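Residue numbers (this note's numbering): -6 to 98.
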């Protein structure tokens, strides 16, 4: 029997979904593994802040460092979790409800 796949999706597939998948894959339930995708517009690369954020944690070894992929390219998914983006048929969606704080430029 093949593993069941949990797909974490964030807008650009470069940070939030990567962090969630890395933590999930650090101690997954039997028969499960997580992967990631971009729900809106894939970034060109992993967000550089993710690597140092996970350094020294159990999740660091499970961080997917490959370029983000578009949602429509991921097949055979058992469950979808959307983080801060809208994804049709997602099991769970977390959307930002408060306005973003002003930029400190």
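Cβ coordinates follow ideal geometry from the N, Cα and C atoms, glycine included.
Computed from a predicted model, the values in this text were never measured in an experiment.
Cut-off 8 Å between Cβ atoms - residues of its own chain near residue i, not counting five sequence neighbours on either side
{"i": "residue 43", "result": "7, 8, 11, 12 and 56"}
{"i": "residue 2", "result": "10, 29, 30, 31, 32, 64, 73, 74, 75, 76, 78, 80 and 83"}
{"i": "residue 4", "result": "31, 32, 33, 34, 77 and 78"}
Close Cβ partners of residue i (< 6 Å) along its chain, the five nearest in sequence each way excluded
{"i": "residue 52", "result": "15, 16 and 19"}
C-beta atoms of residue i and residue j nearer than 9 Å
{"i": "residue 83", "j": "residue 62", "result": "no"}
{"i": "residue 67", "j": "residue 0", "result": "yes"}
{"i": "residue 22", "j": "residue 38", "result": "no"}
According to DSSP, residues forming a beta bridge with residue i
{"i": "residue 72", "result": "-1"}
{"i": "residue 25", "result": "-3"}
{"i": "residue 30", "result": "2"}
Environment of residue i [buried if 16+ CB atoms lie within 10 Å]
{"i": "residue 27", "result": "buried"}
Own chain residues within Cβ distance below 7 Å of residue i, not counting five before or after
{"i": "residue 71", "result": "-3, -2 and -1"}
{"i": "residue 91", "result": "Per-residue confidence for residue 91 stands at a pLDDT of 48, beneath the threshold of 50, marking its modelled position as unreliable; no derived number is given."}
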